[in-house]
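Novice: Sharing a structure below in structure tokens format, with a few things to ask.
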Amino acid sequence: MQGTVPESQEKIPFWRNEHTLQWIAQFTVLAGVLFVFWLLYANMQRQLEMLNLPISFKFLQINASFDIGESLIEYSRSDTYLRAYLVGVLNTIRVAVLGIIFATILGVIVGVARLSNNWLVNKLAAGYIEILRNIPLLVLLIFWYTGFFLKLPDVKEAINVGGTYLSRRGIAFPWPLPTETYATYRWVLWLGVALAVALGYALYRQGKKTGRMPLYGLWSLLLFLVVAGIGIVVLQPYVMDYPHLPDKGFNIIGGKTFSPEFMALLSGLVIYTSAFIAEVVRAGIQSVSKGQVEAARALGLNGFQTLRLVVFPQALRVIVPPMTSQYLNLTKNSSLAVAIGYPDIVHVYGTIINQSGRAVEMTMIMMATYLTFSLSTSAFMNWYNQKIKLVER
Amino acid sequence: MRKFFPFFAVLIVFSMLLAACGGSAPTEAAPAAGGEEAAPATQSGSTLQTVMDRGKVICGVNKAVPGFGFLQEDGSYAGFDIDFCKALAAAIFGDPEGRVEYRPLTAKERFTALQTGEIDVLIRNTTWTLTRDTELGANFVATTFYDGQGFIVRKDSGITKLEDLDGATICVGAGTTTELNLADVFAARGISYTPLVFEGADEATGAYEEGRCDSYTTDKSGLVARRVVMADPEAHVILDETISKEPLGPVVRHGDDQWFDIVQWTVYATFTAEEFGITSANVDEIKATTENPSIKKLLGLEGDMGQKLGLSNDWAYNIIKYVGNYAEIYDRNLGPDQPTYIPRGLNSLYTDGGLLYAPPVR
């Protein structure tokens with residue numbers, strides 16, 4: 003290293019001092035990058051000034067004066083643009099969360115099937131993955147929407163399966179509405195949670211002591227479900243609201259309805275992403291060397307125990323990081339909703355920029371929103387990854 | 004360390020390139036850069052100059068509304084709005100053949116495309132409103148078509164008036180005035196409904212035809228036009244009720260007065276030509292024989308009307324010669340012989356009881 007030159011030697015001039023040069027280079031690059039950004043920003047600002055459209059976020063408080071078809075919160079045309087945007091954000095979150103859950107379940111099933119020794123199951127899974135991975139998502143969405151959900155029968159001839167109505171106006175199913183005893187029932191649920199946690203902890207402690215770890219998670223869940231079930235029977239906290247066809251009118255009334263747009267988006271996202279997740283799962287399981295399984299069997303673990311205690315914990319370490327990017331992809335891909343009229347973030351954003359003319363500001367807000375989604379998803383997954391990571395000695 | 008310098012060099016080149024790009028946009032305003040305050044004055048003329056240099060007008064249009072702006076099977080565009088794009092090109096270049104570049108835009112994209120300079124002029128059945136005129140950085144030029152919002156429903160649905168739509172699902176295009184009118188009028192009358200909002204007219208009417216919605220709403224002209232391309236036009240009716248005023252016309256970017264004037268007088272030239280009875284068929288004959296000073300001014304035989312606009316003096320002659328007067332444009336696209344026939348109604352000259360009234364060309 004030249005940095006450690008003895009003092010007795012002649013001092014190196016700074017233009018030949020590697021250490022100084024490094025600093026100068028770093029600084030120049032940083033200045034260059036900042037300059038480029040400043041240039042872009044200043045250019046945009048100047049152009050906007052010329053159009054008499056300086057950047058301002060005041061418009062968010064203005065009355066939006068358009069309606070949105072689907073909303074998880076109260077919303078009407080007299081609410082602000084900000085609230086309209088929030089409706090879009092919640093719609094995106096709804097489809098992303100449900101999509102992630104279902105895609106994971108389906109993906110794990112297909113991924114395991116892909117490794118099956120049964121020829122038919124194996125090939126079916128392979129076909130599923132290869133076909134769906136290679137169709138653009140937008141095509142899938144349009145297929146599901148116009149090819150399936152809009153081809154269901156008209157409302158008047160809706161298919162009735164056990165109280166659930168299927169029609170091109172969506173899927174209407176019975177939905178519980180809370181009764182007066184619901185407030186009491188909530189306490190029963192909390193009690194169930196407390197009991198379940200206590201049981202789980204007790205079993206865990208015992209497992210640690212004896213060395214034979216029971217399935218404490220499963221037992222806890224079971225206990226909770228039993229408590230919740232007894233509560234429902236005794237207190238009757240819900241009354242079922244059944245959907246029905248009105249004599250006069252256009253749509254099915256009562257129950258809860260998932261619109262065809264939502265269903266098409268959810269199905270498209272779940273099926274598309276599950277094909278990728280299946281491959282991730284397969285790769286994860288295959289990454290566990292065969293010797294591990296053989297060793298486990300030699301120790302006397304049965305098939306399920308081998309999978310749960312040996313294969314899965316090791317596979318998970320390989321699965322989680324690529325799984326995170328699949329989750330991020332699913333969330334970001336949900337923006338294709340705009341093609342089939344589901345009011346997600348991009349859809350509402352489009353209407354807002356058109357009605358308010360604030361394209362730059364809204365684009366900034368939208369970018370920030372997606373960035374927040376992605377960063378929080380990956381923060382959570384990184385935390386999980388950290389937790390299951392191999393403890394190295 | 005060595006590895007670092009190539010990267011550094013690339014970065015410098017890159018930032019210089021960007022600086023050059025960043026610099027080129029303002030230079031249009033820069034020549035008279037005595038001060039930034041003078042920007043509006045110096046900026047005017049820039050659009051015309053850009054168009055002249057390019058040799059083409061870039062016109063933002065619709066591609067899904069037959070009669071107004073429609074992408075035909077052979078890949079060409081046709082329609083009422085398209086003809087005004089051609090008229091503008093004729094005013095600037097003479098023969099508009101190959102002088103217009105069409106940019107099909109959705110309702111949602113159109114103002115951003117105009118603001119960013121992607122298009123020179125927006126002629127895409129766009130409604131003139133105060134908010135759009137002020138907050139979108141846009142300037143509405145003139146009204147070429149007086150329209151109003153209506154509803155189309157299936158004939159067998161038994162719907163005859165707005166109140167019958169209580170509880171219905173209604174398809175509508177995103178980012179339109181119709182989306183807002185729908186919310187306003189239905190709230191005011193206490194009619195409940197579910198909006199289903201689509202990007203484009205094709206998707207919205209597609210969903211309506213599939214039975215996803217009970218009604219589709221847009222400007223009545225649009226309804227007439229869309230009905231023509233439905234699988235079974237006879238199965239649908241347009242309700243009589245009109246719930247809004249929809250004056251449609253060309254839009255230009257804010258801050259370029261000369262360009263504004265050119266587009267405006269292109270529209271007025273077509274009105275004036277109809278008023279004087281000048282058509283593409285008789286324009287040469289009239290030009291040769293006329294003694295009327297007003298016609299002489301319009302056709303560039305007298306005065307320097309074209310030069311005042313920054314164009315050649317035969318600008319209006321070219322519009323009439325190559326595209327025609329307002330009546331010709333109307334009949335070609337929306338006349339009685341067309342499937343998209345719309346009676347002229349308010350869109351007649353003021354002398355015939357309509358609203359078309361052009362200021363004098365003098």
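Protein sequence lines correspond, in order, to chains A and B.
Using this note's numbering, you'd call the opening residue of the first sequence number 3 and step up by one each time.
Using this note's numbering, you'd call the opening residue of the second sequence number 4 and step up by one each time.
Every residue, glycine too, gets a C-beta built ideally from N, C-alpha and C.
Using beta carbons (cut-off 8 Å, strictly below), is lysine 290/B in contact with chain A?
Specialist: Taking the second sequence and counting its residues from 1, one reaches residue 290/B at position 287. No, because no Cβ of chain A sits closer than 8 Å to the Cβ of lysine 290/B.
Novice: What does the alpha-carbon distance come out to for the pair glutamine 63/A and threonine 82/A?
Specialist: Along the first sequence, one-based indexing puts residue 63/A at 61. Along the first sequence, one-based indexing puts residue 82/A at 80. So the alpha carbons of these two residues sit roughly 5 Å apart.
Novice: Have a look at Asp77/B, Ser160/B, Thr53/B and Ile155/B and flag the residue whose alpha-carbon is nearest the alpha-carbon of lysine 250/A.
Specialist: In the first sequence, the residue the question calls residue 250/A occupies position 248. Cα-wise, what sits closest to lysine 250/A is Ser160/B.
Novice: What would DSSP say about isoleucine 85/B, mapped onto helix, strand or coil?
Specialist: Locating residue 85/B in the second sequence gives position 82, where the first residue counts as 1. Isoleucine 85/B: helix per DSSP, three-state reduction.
Novice: Taking 8 Å as the cut-off, decide whether the C-beta atoms of valine 156/B and leucine 242/B are in contact.
Specialist: Numbered from its first residue, the second sequence carries residue 156/B at position 153. Numbered from its first residue, the second sequence carries residue 242/B at position 239. Yes. Within cutoff.
Novice: Please list, in chain order, the chain A residues whose beta carbon lies closer than 9 Å to that of lysine 66/B.
Specialist: Here residue 66/B refers to the residue found at position 63 of the second sequence. Those within 9 Å of lysine 66/B in chain A number zero; the least Cβ separation is about 17 Å.
Novice: Select from Asn128/B, Thr115/B, Val266/B and Glu182/B the residue whose C-alpha is nearest the C-alpha of leucine 314/B.
Specialist: One-based indexing of the second sequence puts residue 314/B at position 311. Comparing Cα-Cα distances from leucine 314/B to each of Asn128/B, Thr115/B, Val266/B and Glu182/B, the minimum goes to Val266/B.
Novice: Would you tell me roughly how many angstroms separate the C-alpha atoms of alanine 204/B and arginine 256/B, rounded to the nearest one?
Specialist: The sequence position of residue 204/B within the second sequence is 201, counting from 1. The sequence position of residue 256/B within the second sequence is 253, counting from 1. Going by the C-alpha atoms only, they are around 25 Å apart.
Novice: Please go through the same chain and pick out, in chain order, the residues whose beta-carbon is closer than 6 Å to the beta-carbon of glutamate 244/B, but skip the five residues on each side of it.
Specialist: By 1-based counting over the second sequence, the position of residue 244/B is 241. For glutamate 244/B, where only same-chain residues beyond five positions count, the Cβ hits under 6 Å are Leu165.
Novice: Over what stretch of residues does the beta strand (DSSP E) that includes phenylalanine 148/B continue unbroken?
Specialist: Within the second sequence, residue 148/B is the residue found at index 145, counting from 1. Looking at the DSSP string, the run of the beta strand (DSSP E) that includes phenylalanine 148/B is 148 to 150.
Novice: Could you check if proline 69/B is buried or exposed, using at least 16 other CB atoms within 10 Å of its CB as the buried criterion?
Specialist: By one-based count along the second sequence, residue 69/B stands at place 66. Proline 69/B comes out buried.
Novice: Mapping DSSP to helix, strand and coil, what is glutamate 39/B?
Specialist: For the purposes of this step, residue 39/B is taken as residue 36 along the second sequence, with counting starting at 1. In this predicted model, glutamate 39/B has a pLDDT of only 36, less than 50, meaning its place in the structure is not dependable enough to derive any value.
Novice: Alpha carbons only, please: which of Gly343/A, Ser378/A and Gln307/A is nearest the one belonging to serine 327/A?
Specialist: Here residue 327/A refers to the residue found at position 325 of the first sequence. Here the closest residue by C-alpha is Ser378/A.
Novice: Is the CB-CB distance between leucine 359/B and phenylalanine 263/B below 8 Å?
Specialist: The sequence position of residue 359/B within the second sequence is 356, counting from 1. The sequence position of residue 263/B within the second sequence is 260, counting from 1. Their beta carbons are not under 8 Å apart, which means leucine 359/B does not touch phenylalanine 263/B by this criterion.
Novice: Just the C-alpha distance for glutamate 294/B and leucine 301/B, rounded to the nearest angstrom, thanks.
Specialist: Along the second sequence, read from residue 1 onward, the residue named residue 294/B stands at position 291. Along the second sequence, read from residue 1 onward, the residue named residue 301/B stands at position 298. Computed Cα separation, rounded: 12 Å.
Novice: Going by alpha carbons, who is nearest to proline 253/B out of Gly176/B, Thr147/B, Thr115/B and Ala272/B?
Specialist: Sequence index remark: in the second sequence, residue 253/B carries index 250 (1-based). Looking at the Cα atoms, Thr147/B is the closest of the given residues.
Novice: Near alanine 341/A, which residues of its chain fall below 7 Å by C-beta distance, leaving aside the five closest residues on each side in sequence?
Specialist: On the first sequence, residue 341/A is found 339 positions in, with the first residue counted as 1. Cβ neighbours of alanine 341/A beyond the five flanking positions: Leu140, Leu143 and Ile144.
Novice: Looking at C-alpha atoms only, which residue of Met52/A, Ile103/A and Asn162/A is the closest neighbour of serine 269/A?
Specialist: Here residue 269/A corresponds to residue number 267 of the first sequence, with the count starting at 1. Taking only the C-alpha atoms, the option nearest serine 269/A is Ile103/A.
Novice: Closer than 7 Å, Cβ to Cβ, to anything on chain B: give me those residues from the region 367 to 383 of chain A, in chain order.
Specialist: Cβ contacts with chain B: none found.
Novice: Between the region 246 to 272 of chain B and chain A, which residues of the former have a C-beta closer than 9 Å to a C-beta of the latter?
Specialist: Going along the region 246 to 272 of chain B in chain order, one finds Arg256, His257 and Gly258 with a Cβ nearer than 9 Å to chain A.
Novice: Can you say whether glutamate 72/A is buried or exposed, counting buried as having 16 or more other CB atoms within 10 angstroms of its CB?
Specialist: The residue given as residue 72/A occupies position 70 in the first sequence. The residue is buried, with at least 16 neighbouring Cβ atoms inside 10 Å.
Novice: Can you give me the C-alpha to C-alpha distance between leucine 237/A and lysine 334/A, rounded to a whole angstrom?
Specialist: Taking the first residue of the first sequence as 1, we reach residue 237/A at position 235. Taking the first residue of the first sequence as 1, we reach residue 334/A at position 332. Roughly 43 Å separates the two Cα atoms.
Novice: Candidates Gln341/B, Asp355/B and Thr115/B: which alpha carbon is nearest phenylalanine 71/B's?
Specialist: For the purposes of this step, residue 71/B is identified with residue 68 of the second sequence, where counting begins at 1. That would be Gln341/B, whose Cα lies nearest to the Cα of phenylalanine 71/B.
Novice: Would valine 340/A pass as an interface residue toward chain B - the criterion being a Cβ-Cβ separation below 8 Å?
Specialist: Within the first sequence, residue 340/A is the residue found at index 338, counting from 1. It does; some Cβ of chain B falls within 8 Å.
Novice: Tell me the residue span of the alpha helix (DSSP H) that contains glutamate 296/A.
Specialist: Here the question's residue 296/A lines up with position 294 in the first sequence. Counting along the chain, the alpha helix (DSSP H) containing glutamate 296/A begins and ends at 292 to 300.
Novice: In the structure shown, what three-state DSSP assignment does alanine 372/B receive?
Specialist: With chain B represented from 4 up to 365, any question about residue 372/B goes unanswered, as that position is not in the structure.
Novice: In chain order, which alpha helix (DSSP H) runs of at least 4 residues are fully inside the region 127 to 194 of chain B?
Specialist: Counting whole runs of 4 or more residues, the region 127 to 194 of chain B contains the alpha helix (DSSP H) stretches 133 to 138 and 180 to 192.
Novice: Please report how far the alpha carbon of isoleucine 137/A lies from the alpha carbon of alanine 277/A, in whole angstroms.
Specialist: To locate residue 137/A, count along the first sequence from 1; it is residue 135. To locate residue 277/A, count along the first sequence from 1; it is residue 275. Spanning the two alpha carbons is a distance of roughly 11 Å.
Novice: Whose C-beta lies closer than 8 Å to the C-beta of arginine 230/B among residues of the same chain, with five residues either side of it excluded?
Specialist: In the second sequence, residue 230/B corresponds to position 227, counting from 1. The residues are Ile155, Pro236, His239 and Ile241.
Novice: Could you list which residues in chain A have their beta carbon closer than 7 Å to that of glycine 170/B, in chain order?
Specialist: In the second sequence, residue 170/B corresponds to position 167, counting from 1. Chain A residues near glycine 170/B: Gly251, Phe252 and Asn253.
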